[in-house]
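A.B. asks: Got a structure for you, questions after.
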Amino acid sequence: MRRDSGSNMGLMRVKKSNELATLILFALLLLCYGVGNGRCTTVHENSVDLHALLKFKQGITSDPNSALSNWNTSIHFCRWNGINCNMTKRAWRVTGLNLTSKGLSGQISSSLGNLTFLRKLDLNHNSLIGPLPRLNNLQKLEVLYLHQNRLHGIIPDGLTNCSSLSYLDLSRNNLTGVIPPTIGNLSSLVGLSLSQNNLNGIIPQALGKIATLYFVDLSENRLNGRIPDEFWQLQNIRVLYLNQNSLSGGLPQSLPNMSSLFQLALTENMLGNTLPSNIGDALPNLQLLYLGANMFEGNIPDSIGNASQLQELDLKLNHFSGHIPSSLGKLSRMSYLNLEQNKLEANDTEGWEFFHALANCTLLGGFSLSRNQLQGVIPNSIGNFSENLQYVLMAGNKLSGTVPPSIGKLHDLIQLSLDENNLTGTIEDWIGNFTKLQRLNLQMNNFVGTIPPYISNLTQLVFLSIAKNEFTGFIPPSWAGLQSLQTLNLGHNNLQGSIPTEFGNLKQLLQLELSSNKFNGEIP
Numbered sequence: 013m014r015r016d017s018g019s020n021m022g023l024m025r026v027k028k029s030n031e032l033a034t035l036i037l038f039a040l041l042l043l044c045y046g047v048g049n050g051r052c053t054t055v056h057e058n059s060v061d062l063h064a065l066l067k068f069k070q071g072i073t074s075d076p077n078s079a080l081s082n083w084n085t086s087i088h089f090c091r092w093n094g095i096n097c098n099m100t101k102r103a104w105r106v107t108g109l110n111l112t113s114k115g116l117s118g119q120i121s122s123s124l125g126n127l128t129f130l131r132k133l134d135l136n137h138n139s140l141i142g143p144l145p146r147l148n149n150l151q152k153l154e155v156l157y158l159h160q161n162r163l164h165g166i167i168p169d170g171l172t173n174c175s176s177l178s179y180l181d182l183s184r185n186n187l188t189g190v191i192p193p194t195i196g197n198l199s200s201l202v203g204l205s206l207s208q209n210n211l212n213g214i215i216p217q218a219l220g221k222i223a224t225l226y227f228v229d230l231s232e233n234r235l236n237g238r239i240p241d242e243f244w245q246l247q248n249i250r251v252l253y254l255n256q257n258s259l260s261g262g263l264p265q266s267l268p269n270m271s272s273l274f275q276l277a278l279t280e281n282m283l284g285n286t287l288p289s290n291i292g293d294a295l296p297n298l299q300l301l302y303l304g305a306n307m308f309e310g311n312i313p314d315s316i317g318n319a320s321q322l323q324e325l326d327l328k329l330n331h332f333s334g335h336i337p338s339s340l341g342k343l344s345r346m347s348y349l350n351l352e353q354n355k356l357e358a359n360d361t362e363g364w365e366f367f368h369a370l371a372n373c374t375l376l377g378g379f380s381l382s383r384n385q386l387q388g389v390i391p392n393s394i395g396n397f398s399e400n401l402q403y404v405l406m407a408g409n410k411l412s413g414t415v416p417p418s419i420g421k422l423h424d425l426i427q428l429s430l431d432e433n434n435l436t437g438t439i440e441d442w443i444g445n446f447t448k449l450q451r452l453n454l455q456m457n458n459f460v461g462t463i464p465p466y467i468s469n470l471t472q473l474v475f476l477s478i479a480k481n482e483f484t485g486f487i488p489p490s491w492a493g494l495q496s497l498q499t500l501n502l503g504h505n506n507l508q509g510s511i512p513t514e515f516g517n518l519k520q521l522l523q524l525e526l527s528s529n530k531f532n533g534e535i536p
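The number in the working numbering is simply the position in the sequence shown, starting from 1, with 12 added.
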């Protein structure tokens, strides 16, 4: 019995000892990480993380905003600016380092690779130089943001050992070399941005096999080769930017259903062939489609009108031919349409049907049909377009006849370009309504008559050219009220009289062209 009693008392002593140790530990933690400003020298101090951070600080050569002003051993590193910590196995470990937009210069020390509990590293918007640091050991790293610095060199293969990465942004640096073929090891990747670097080589096929990808931006590099077929199988992809590279090949002739895709930008590459006939059916939720400055050819598919969420459509600078599909009129959300510099035709009633249909796009803010093969008279239905229309560009076609006066209903126009056509008649019936107009280009047509004096009502004009027409009469002195005017071209007409002395008040004027007219008198 006594032995049992002594044993129980011993257990009680051990229990009380453990409780006392726990209380002491809790008190120390409160002192070190709660209200105290002094450093802790207990077992809970983690020298690995401390030394890694101090080494990083040593690599910083300029800190104009004093972001690292409290990075010293007088206080615990978990209280330093930009540091987040968690308690792990009775030790505080760094889980987050955020010094975005602090103006830091210098190099990123590879010592950060010793912060093995780091989950987020954000050094965006600084002036850091040198190569990417070695971060191979950061198996817990989920977010790496190094956007808009001055980093150079290659993307090291070892970075793909960070197998927990969900978001990787190395955009707007000076990185060179290829995208590591091992990037497919980042099987949890959701967002990837490597844009605005000098990367070359092909897009790794393995990248298109990361099923979790939601956002991919590889734009403004020097990538070449084909777009991997696997990209068109990504079921979660919402944004795909591959523009401004040297990619070749084309799109699949039949696209699988990609209802997740919202934005697709492939402009300024060397892509060609025809577009998939089912492009609008396969991309029903697409909001932005930019395919300009490539070598696409053939007809614009009718199915494009089935992409009912489309807001911006840019097919400029390609080799598209045939009629413009009237199905564009079904895109009730469309705000921007650019089809300029193709071989698109309209020479009969059927060919112009698309133009009438566009009047249904009540959110349309602007369109360009310039430099195609449109012929004949501008349809009177232009007056049915949304009154919110701001840009009408139809230059460089074969338009003829008079401009319909109904165009004057477009009171919000900012830019009107009808230059390089065969238009005739006068402009006085509609020109005075555009009080918000900033750019007016009617040059290289066959307009006749005198210059309407009420052009002086267009006080927002910055650019005005009516050169190479058959205008007659005098320059209205009231034009001196065009105080925003920077470019004025009246050359190659039949204007006469003297140059108004009031032109001396056009203080913003940078370019003035009056040649090949019948002016007399002295230059004011």
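Cβ coordinates follow ideal geometry from the N, Cα and C atoms, glycine included.
#1: According to DSSP, is W442 part of a helix, a strand, or is it coil?
#2: When we look at the beta-carbon of A9 and count the other beta-carbons within 10 Å, is it buried (16 or more) or exposed?
#3: Determine the DSSP secondary structure at S527, reduced to helix, strand or coil.
#4: Which complete beta strand (DSSP E) runs does the segment 266-298 hold, if anything under 3 residues is left out?
#5: Counting Cβ pairs closer than 8 Å, one from the segment 230-245 and one from the segment 205-222, do we hit at least three?
#6: Which residues in the same chain as L130 place their Cβ atom closer than 8 Å to its Cβ, once the five residues preceding and following it in sequence are excluded?
#7: Please state if the CB of N481 and the CB of F459 are separated by a distance shorter than 8 Å.
#8: Report the start-end ranges of each beta strand (DSSP E) in the segment 403-462 that is 3 residues or longer and not cut off at the edges.
#9: I need the boundaries of the alpha helix (DSSP H) containing E324, first residue and last residue.
#10: Are the CB atoms of N453 and S429 within a distance shorter than 8 Å?
#11: Drop a sphere of 10 angstroms on the beta-carbon of V389, count the other beta-carbons inside from all chains shown, and report buried for 16 or more, exposed for fewer.
#12: Tell me which residues share the same chain as T128 and place their Cβ nearer than 6 Å to its Cβ, disregarding the 5 neighbours each side in the sequence.
#13: Is L300 helix, strand or coil when you go by DSSP?
#14: Considering Q520, what are the terminal residues of the alpha helix (DSSP H) in which it resides?
#15: Among T513, T484, A479, which has the Cα closest to the Cα of A492?
#16: Rounded to whole angstroms, what's the CA-CA distance from P113 to L135? Just pull it up for me.
#17: Closest to I167 by C-alpha separation, out of Y157, N161, L182, would be which residue?
#18: Go through its chain and collect everything with a Cβ distance to Y403's Cβ below 6 Å, but skip five positions before and after it.
#19: For L329 and G304, which I take to be in contact (beta-carbon distance under 8 Å), what is that distance rounded to the nearest angstrom?
#20: Of the choices R162, I195, L156, whose alpha-carbon is the least far from that of D169?
#21: Considering D61, what are the terminal residues of the beta strand (DSSP E) in which it resides?
#22: Could you give the residue range of the alpha helix (DSSP H) that holds R379?
#23: Closest to A103 by C-alpha separation, out of L381, Q265, N58, Q299, would be which residue?
#24: Using a Cβ-Cβ cutoff of less than 8 Å, which residues in the same chain neighbour L511 once the five nearest sequence positions on both sides are dropped?
#25: Going by the CB atoms, is the gap between K342 and S320 shorter than 8 Å?
#26: Under the three-state reduction of DSSP, which class applies to T172: helix, strand or coil?
#27: Please return the same chain residues whose Cβ sits closer than 8 Å to the Cβ of N186, not counting the five positions on each side in sequence.
#28: Could you tell me the distance, in whole angstroms, from the CA atom of F68 to the CA atom of D61?
#29: What is the DSSP secondary structure of A369, reduced to helix, strand or coil?
#30: What are the residues that DSSP puts in a beta bridge with Y157?
#31: Could you give the residue range of the beta strand (DSSP E) that holds M599?
#32: Which residues mark the beginning and the end of the beta strand (DSSP E) in which D360 is found?
#33: Answer yes or no: do N384 and L351 have a C-beta to C-beta separation smaller than 8 Å?
#34: Quick one: what's got a C-beta closer than 8 Å to N281's C-beta in the same chain, skipping five residues either side?
#35: Determine which residues share a DSSP beta bridge with L386 and list them.
#36: Are G485 and T462 close, meaning C-beta to C-beta below 8 Å?
C.D. replies: On the basis of the supplied data:
#1: In the sequence shown, the residue the question calls residue 442 occupies position 430. W442 carries a coil assignment under DSSP once its states are collapsed to helix, strand and coil.
#2: Because the chain spans 13 through 536 in this model, residue 9 falls outside it and cannot be assessed.
#3: Here residue 527 refers to the residue found at position 515 when the sequence shown is read from its first residue. S527 sits in coil when the DSSP states are folded into three classes, being neither helix nor strand.
#4: The qualifying runs are 275-277.
#5: Touching, yes.
#6: As a first step, residue 130 must be located in the sequence shown, where it is residue number 118. Once the five neighbours on either side are set aside, the close Cβ partners of L130 are V106, T107, G108, L109, L124, L150, K152, L153.
#7: Start at 1 with the first residue of the sequence shown, and residue 459 comes out as number 447. Start at 1 with the first residue of the sequence shown, and residue 481 comes out as number 469. The criterion of a C-beta distance shorter than 8 Å is satisfied by F459 and N481.
#8: Scanning the segment 403-462 for uninterrupted beta strand (DSSP E) segments of 3 residues or longer gives 403-405, 410-414, 427-429, 434-437, 451-453, 458-462, listed from N- to C-terminal end.
#9: Walking along the sequence shown from the start, residue 324 turns up at place 312. Run containing E324: none in the alpha helix (DSSP H); it sits in the beta strand (DSSP E), 324-326.
#10: Here residue 429 refers to the residue found at position 417 when the sequence shown is read from its first residue. Here residue 453 refers to the residue found at position 441 when the sequence shown is read from its first residue. Judged by beta-carbon spacing, N453 lies within the 8 Å limit of S429, meaning their Cβ atoms are closer than that value.
#11: Position 377 of the sequence shown, counting from 1, holds the residue named residue 389. So V389 counts as exposed.
#12: Here residue 128 is taken as the residue at index 116 of the sequence shown, counted from 1. Excluding residues within five positions, the ones whose Cβ falls inside 6 Å are N149.
#13: Counting from 1 along the sequence shown, the entry for residue 300 is found at position 288. Note: L300 maps to strand in three-state DSSP.
#14: Mapped onto the sequence shown, residue 520 falls at position 508. Where Q520 is concerned, there is no enclosing alpha helix (DSSP H), given that its DSSP letter is neither H nor E.
#15: Working through the sequence shown from its first residue, we reach residue 492 at position 480. T513 is the residue among T513, T484, A479 whose C-alpha sits nearest the C-alpha of A492.
#16: Mapped onto the sequence shown, residue 113 falls at position 101. Mapped onto the sequence shown, residue 135 falls at position 123. Sequence inspection shows Ser at residue 113; the Pro mentioned does not correspond to that position. In this structure, the straight-line span from the alpha carbon of S113 to that of L135 is close to 7 Å.
#17: What you label residue 167 is simply residue 155 of the sequence shown in a count that begins at 1. Selected option, being the one with the closest Cα: L182.
#18: Taking the first residue of the sequence shown as position 1, residue 403 is located at position 391. Counting only Cβ-Cβ distances below 6 Å, and skipping sequence neighbours, we find G378, Q427.
#19: The residue labelled residue 329 in the question sits at position 317 within the sequence shown. The residue labelled residue 304 in the question sits at position 292 within the sequence shown. That belief holds up - the Cβ atoms of L329 and G304 are roughly 5 Å apart, short of 8 Å.
#20: Taking the sequence shown and counting its residues from 1, one reaches residue 169 at position 157. If we check each option's Cα against that of D169, I195 comes out closest.
#21: Mapped onto the sequence shown, residue 61 falls at position 49. Run containing D61: none in the beta strand (DSSP E); it sits in the alpha helix (DSSP H), 59-70.
#22: Taking the sequence shown and counting its residues from 1, one reaches residue 379 at position 367. The identity of residue 379 in the sequence shown is Phe, whereas the question assumes Arg. Not the alpha helix (DSSP H): F379 falls in the beta strand (DSSP E), residues 378-380.
#23: Indexing the sequence shown from 1 puts residue 103 at position 91. The residue among L381, Q265, N58, Q299 with its C-alpha nearest the C-alpha of A103 is N58.
#24: Residue numbering aside, residue 511 sits at position 499 when the sequence shown is read from its first letter. Rather than Leu, the amino acid found at residue 511 in this sequence is Ile. If we look at I511 and ignore the five residues flanking it on each side, its Cβ neighbours are I487, L526, F531, G533, I535, P536.
#25: Position 308 of the sequence shown, counted from the start, is the residue given in the question as residue 320. Position 330 of the sequence shown, counted from the start, is the residue given in the question as residue 342. In contact: S320 and K342 (Cβ atoms closer than 8 Å).
#26: As a working mapping, residue 172 is identified with position 160 in the sequence shown. The answer is helix: DSSP assigns T172 an H, G or I state.
#27: Translated into positions along the sequence shown, residue 186 becomes position 174. Same-chain partners within the cutoff: R162, L163, H164, N209, N210.
#28: Along the sequence shown, one-based indexing puts residue 68 at 56. Along the sequence shown, one-based indexing puts residue 61 at 49. Taking the straight line from one Cα to the other gives about 11 Å.
#29: Locating residue 369 in the sequence shown gives position 357, where the first residue counts as 1. Correct three-state label for A369: helix.
#30: Here residue 157 refers to the residue found at position 145 when the sequence shown is read from its first residue. According to the DSSP secondary-structure assignment, Y157 is paired through a beta bridge with D134, D181.
#31: What the structure shows of the chain is the stretch from 13 to 536, and residue 599 is not part of that stretch, so it cannot be assessed.
#32: Here the question's residue 360 lines up with position 348 in the sequence shown. Element bounds for D360: n/a, residue is neither H nor E.
#33: As a working mapping, residue 384 is identified with position 372 in the sequence shown. As a working mapping, residue 351 is identified with position 339 in the sequence shown. The beta carbons of N384 and L351 sit closer together than 8 Å.
#34: One-based indexing of the sequence shown puts residue 281 at position 269. The beta carbon of N281 lies closer than 8 Å to those of L254, N255, Q256, N257, S258, L259, S260, A305, N306 in the same chain, with the five residues before and after it left out.
#35: As a working note, residue 386 is residue 374 in the sequence shown. Under DSSP, L386 shares a beta bridge with A358.
#36: Mapped onto the sequence shown, residue 485 falls at position 473. Mapped onto the sequence shown, residue 462 falls at position 450. Yes, the Cβ-Cβ distance between G485 and T462 is below 8 Å.
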